[in-house]
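Here the protein sequences line up with chains A and B, keeping their order. Each residue of the first sequence is one higher than the one before, counting from 1 in the working numbering. Each residue of the second sequence is one higher than the one before, counting from 1001 in the working numbering. For glycine and all other residues, C-beta sits at the position ideal for the given N, C-alpha and C. All values derive from a computational prediction rather than experimental measurement.
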Amino acid sequence: MRRIFAQVRKELTQIVRDRLALSLALILPIMQLMLMGNAISLSVEDLPVAVQDLDDSPSSHLFIDAFRQSITFHVIPFSTKISPDEAFIRNEARAVLIIPNHFGRDIARGTNSPVQMMIDGSDSNTARLIAGFSAQVANSWNTTNGAAARVQPVKAAIRFWYNPGRSSKKFYGPGIFVLALSLFPPLLATLATAKEGEQKTILQVYVSSISAHEFILGKIFTFMIVAFCECLLLLTILFTYFGLSFAGDPTPFIVATILYAFCTSSFGTMIGAAIPNQAAAMQAVALGGFLLVFMLSGLIFPIQNIPESIRWLSNFIWGRYYIDIVRDALLQGGGWPAVWWKVGIIAIIGSIFYTLAWRNMRRMQLKS
Amino acid sequence: MTASATEAAVSAIHIEDLWKRYGKVEAVRGISLDVRPGEIFGLIGPDGAGKTSTFQVLAGVMEATSGTASIFGKPARDARSETGYLTQVFSLYPDLTVLENIRYMGDLRRVPPDEITRRGQRYLRMFDMDRFEDRLAGRLSGGMKQKLALACALVPEPRVLLLDEPTTGVDPVSRREFWDTLAHLAAGGLTILLATPYLDEAERCHRVALIHQGLIQNTGTPAELRASLNSKRMELHTSNLSGAEEIINTLAGPDQEIVDVQRFGDRLDLIVRHPDAAEVILRDTLIPAGLTIDDIRIDEPTLENTFVATLRNLGQEVHSEPFPGRHGHAELKGQVAIGATNLRKEFGAFTAVKDVSLDIKYGEIYGLLGANGAGKTTTIKMLCGLLEPTFGKMQLAGKSGGLRSGSVRQRIGYMSQKFSLYNDMSIKENLEFFAGVYGVPEEEREEKMRWVLSFSGLEGKQDQLTGSLPQGWKQRVAFGAAIQHEPSILFLDEPTSGVDPLARRAFWTMINRLADAGTAILVTTHYLEEAEQCNRLGFMVAGELVTEGSPTAIKSAQGGHLLEFVVDQPQRAMEMLKTDEERWRVSLFGDRLHVITDDEAAAAIRATTSRIELAGMKVITAREGRFSLEDVFISVVEKARQQGKFVSED
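Next up, the structure:
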């Protein structure tokens, strides 16, 4: 125990001495949270829609006003003399709404009057959103204006749960929090471990009779402490600037965070023990900690969107389980019944990393 | 009990038939060795001889392929609590302070916290570095890093110290202090096994073993090894060194009266069987050839002589092709190549170099020596035009301005131990790159490359990655690369550190040949033994050039005498004398005590003998010895310090 403590004290001293490590540990996660929390947004607003009104009647004006009132669209009057696809080529609009010249007459008669919506499909996600929203606008216009005389059709009243304002900040905040905890503690752990091999200080460690468990645990505990400091800092920002709070029982979150810190620190130590070269070890952690967690754990991109051929990979990504627990704690509030098995999986993955790190170091000798 | 078991029982370190293989490479091929408690045992050998592997097995950080390695009867790995291990690169944490390093190492070894503090402070005081407790280890000078590493290793109070080339890159003054400390510790009962490529250090061991290609070739006390040659060393001073060397080379051979000849800065060293017979031969051959014999002195052979002879018998000599010199500079001989008048360099309030004036002529080998922080590096940077002096005039290759111009740079060659070659390129690619950079004519590149490969003993290996070569071999390639364009001025900054004695001889033969062809050469080194190869030397202390002259002139200008005593309790005698005299005047070389005195020799011998005997010890022999260049260097530095010239490390 004393030697683990000695190891932790030494590592912490080194981190405090090393400005770069310290800023990696504390400042970068905050910057990441603030920047990405504000910059990433997949909701759409103010999409430019060009309107060719061939009818130019009071009815068509009312219909266009319905689009104008939507926050999703930004209406641009478009000359009827120009071919509508010009709007796409000139990059003036993402969609063109064409109202035929018999629109007002048809409405007055109470017959169907098709309008045309041309959508730029080069960005399929946005195109799908435009299609959906424009159908909604048309529907609500139908119900309020054209079909007043007829039987009121069933009205779908949509309400968003968990994130009622559909604020992307609330959705992405937890994701970026998880990303920061997945990246910086293992990065520091790997640098600290690889450095011992690179600078040959590991020889002094080998010469003493410290066991592999004591050595590795010393490293891991240090970077767990770093992870907790980061966690507290980031939570403070999430609770203030991002306006989040615990939605229910916080104990699954606390237990999972301890296990997750253990898991990622073990991951970093494992890589650092296997690759005694700081630059290479850092690359490996950046790949594991950043790319895999960023891409494959549903932080930003829903897991359902990952191509099926590699979707199974996400089952092995530790960040995937932790993000669910964090979202549950901060948004849904499902508590232990909802997430207990995910906490368990994090513990299992963490012990696998620990075992691999230990296997690599267990002889505490140079490899011949 | 078998004989070897009895041996093992009284040995501090016992190695029997030790093998270590890395894949196909056999690093250690059946070493057997016993080190007695309290002994300083030297393992001497070139790079790649298997020293480091042996140490790693003894330290318990690597498994042997087969054989036994035990420490006080226990297998090395289980005896880790009894051993302290200093690696080539001091494994200190540069971002921890001196105390924190000691603390961590002590904690790892489970030394009680208050003991760590107590012992740590004791060793820091002993090493005179208690002022630096809170300094980061990375900010210490080379000598202090080494002492800190030693303190860290000593805090757990080991019974055996394993020191793997602990003095590489450490200046002579710090090395002398380090060795005094080792002698002190050994006298206290500590067993020390030490590896070094430098044979002047081996002289300070109780016993040494020559190790080469994974095998021990020879074991004994330094005196025994020297005696095993059955020869004498003859120092020959003559007016024309290269001419005399050429003639003697034709006479010398393993079966001849003259066994070997080696050229130094102002003399030739001959290994001869019978001095009288050899002298007759010399007179009969040199004088008819119009050469003079100015002086002949007979002395004991050095350990280096023994080492070279042993390796020669094993057929390890480097036979390189002659250098394909195309552009001699003989017409320049005698002109000033590097001239400096009152050079001064200030960094803020700190004056790194004070009024250095020197002239180095074409065809001359000049050695610049100094302790760490003496201003050597700054001086060299100014001399080769990399750094603008604050005051003073510089002249380089006949120019006094525009020293960085292409035409001046084309005439300069530079090789440094720190910057040498690109590790991730093959040897061939490196040589081609440097040939291109230095503008070696296209038609000469082929033969130059062939020569570098033959000089380095790497024929047929040109496609090997440079990074995979041991340091000593890299140095040879780097040296070859630096002289491909036949510069008329050559700067060599510690060119031979980590190079084994045979290869070092090949280096110096080449350096001499370049000088004969008219090249001006400036060399720095921490090894005074090597400095004897220079025609002229300059000693720097605290930014000033305090002494200048040929090795012999410097030695004879040294006032005072060197007294050598063999005493029954050398350590006690040393400690007693050190309290009476200035510390630097007394040091221990194995079992011999050296005392430097300013008094008349015979009187000083009498006085010292009676002092030792008054303290109840016995003087076995006492005689006047000859100063080594290192003795001179250290007394020059110490005397300059007493006049207030020193660079504070604070």
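Which stretch, first to last residue, makes up the alpha helix (DSSP H) that contains residue i?
i: P77 (chain A); result: It is not in any alpha helix (DSSP H) - P77 (chain A) instead sits in the beta strand (DSSP E) that spans 73-77.
i: Q373 (chain A); result: Past the edges of chain A, shown from 1 to 368, lies residue 373 (chain A), and the structure says nothing about it.
i: A1622 (chain B); result: No alpha helix (DSSP H) holds A1622 (chain B); the beta strand (DSSP E) holding it covers 1619-1625.
i: I1116 (chain B); result: 1113-1126
For a contact meaning CB atoms closer than 8 Å, what does residue i contact in chain B?
i: D120 (chain A); result: Residues of chain B passing the Cβ test: none, with the nearest at roughly 49 Å.
i: I216 (chain A); result: What I216 (chain A) touches in chain B: nothing, since even the nearest Cβ is about 14 Å away.
i: Q14 (chain A); result: Y1093, D1095, L1096
i: R3 (chain A); result: D1107, L1108, R1110
Whose Cβ in chain A lies nearer than 7 Å to the Cβ of residue i?
i: A1104 (chain B); result: Note on residue identity: the sequence assigns Tyr, not Ala, to residue 1104 (chain B). Correct list: A6, K10.
i: Q1056 (chain B); result: L366
Below 8 Å on C-beta distance, what does residue i contact in chain A?
i: G1060 (chain B); result: Y206, V207, Q365
i: Y1085 (chain B); result: L203, Q204, V207
i: R1080 (chain B); result: V207, S208, S209
i: E1100 (chain B); result: K10, T13
i: V1567 (chain B); result: Within 8 Å Cβ-Cβ: nothing; V1567 (chain B) doesn't reach chain A, min ~35 Å.
i: V1089 (chain B); result: Q199, K200
Please state if the CB of residue j and the CB of residue i are separated by a distance shorter than 7 Å.
i: L1236 (chain B); j: L1194 (chain B); result: no
i: T190 (chain A); j: A281 (chain A); result: yes
i: G1060 (chain B); j: R1080 (chain B); result: yes
i: E1564 (chain B); j: L1629 (chain B); result: no
i: D1164 (chain B); j: Q1213 (chain B); result: no
i: P1487 (chain B); j: R1536 (chain B); result: no
i: M1510 (chain B); j: A1573 (chain B); result: no
i: G173 (chain A); j: L233 (chain A); result: no
i: A25 (chain A); j: L188 (chain A); result: yes
i: E1203 (chain B); j: P1172 (chain B); result: no
i: I1427 (chain B); j: V1477 (chain B); result: yes
i: E196 (chain A); j: R3 (chain A); result: no
i: I303 (chain A); j: V178 (chain A); result: no
i: I107 (chain A); j: S59 (chain A); result: yes
i: A1187 (chain B); j: Q1571 (chain B); result: yes
i: G1045 (chain B); j: C1205 (chain B); result: no
In chain B, which residues lie less than 7 Å from residue i when you measure between Cβ atoms?
i: D18 (chain A); result: D1095
Helix, strand or coil, according to DSSP, for residue i in the structure here?
i: G1472 (chain B); result: helix
i: S1426 (chain B); result: strand
i: V1259 (chain B); result: strand
i: V1208 (chain B); result: strand
i: E86 (chain A); result: helix
i: Y1022 (chain B); result: strand
i: V154 (chain A); result: For V154 (chain A), the predicted model reports a pLDDT of 49, less than 50, meaning its position is unreliable; a value from the coordinates is still stated below. Here V154 (chain A) sits in coil by DSSP.
i: A1008 (chain B); result: Residue confidence for A1008 (chain B) is low, a pLDDT of 49 falling below 50, so the modelled location carries little weight and cannot support an answer.
i: T1068 (chain B); result: strand
i: D328 (chain A); result: helix
i: P1324 (chain B); result: coil
i: E92 (chain A); result: coil
i: T1525 (chain B); result: coil
i: Q1462 (chain B); result: coil
i: G1385 (chain B); result: coil
i: H213 (chain A); result: helix
Would you give the residue range spanned by the beta strand (DSSP E) that residue i belongs to?
i: T1350 (chain B); result: A quick correction: the sequence has Phe, not Thr, at residue 1350 (chain B). Run containing F1350 (chain B): 1350-1361, per the beta strand (DSSP E) assignment.
i: L1033 (chain B); result: 1025-1035
i: Q1395 (chain B); result: 1391-1396
i: S1416 (chain B); result: 1412-1416
i: H1274 (chain B); result: No beta strand (DSSP E) holds H1274 (chain B); DSSP gives it neither H nor E.
i: D1299 (chain B); result: 1295-1299
i: G1042 (chain B); result: 1040-1044
i: M1574 (chain B); result: It is not in any beta strand (DSSP E) - M1574 (chain B) instead sits in the alpha helix (DSSP H) that spans 1570-1580.
i: A1337 (chain B); result: 1336-1347
Find the residues of chain A that neighbour residue i, judging by a C-beta separation of less than 9 Å, and give them in chain order.
i: V1155 (chain B); result: What V1155 (chain B) touches in chain A: nothing, since even the nearest Cβ is about 11 Å away.
task = Note down, in chain order, all residues in the region 185-201 of chain A with a beta-carbon under 8 Å from any beta-carbon belonging to chain E.
result = Chain labels in this structure do not include chain E; the protein chains are A and B.
inquiry  = Within 8 Å, do at least three Cβ pairs link the region 1590-1609 of chain B to the region 1551-1561 of chain B?
reply    = With the cut-off at 8 Å, the region 1551-1561 of chain B and the region 1590-1609 of chain B touch.
task = Determine, using beta-carbon pairs with one atom in the region 331-344 of chain A and one in the region 1147-1166 of chain B, whether at least three such pairs fall under 8 Å.
result = With a cut-off of 8 Å, the region 1147-1166 of chain B and the region 331-344 of chain A do not count as touching, because too few Cβ pairs lie within range.
message = Would you call the region 51-61 of chain A in contact with the region 76-85 of chain A, where contact means no fewer than 3 C-beta pairs closer than 8 Å?
response = Yes: at least three Cβ pairs fall under 8 Å.
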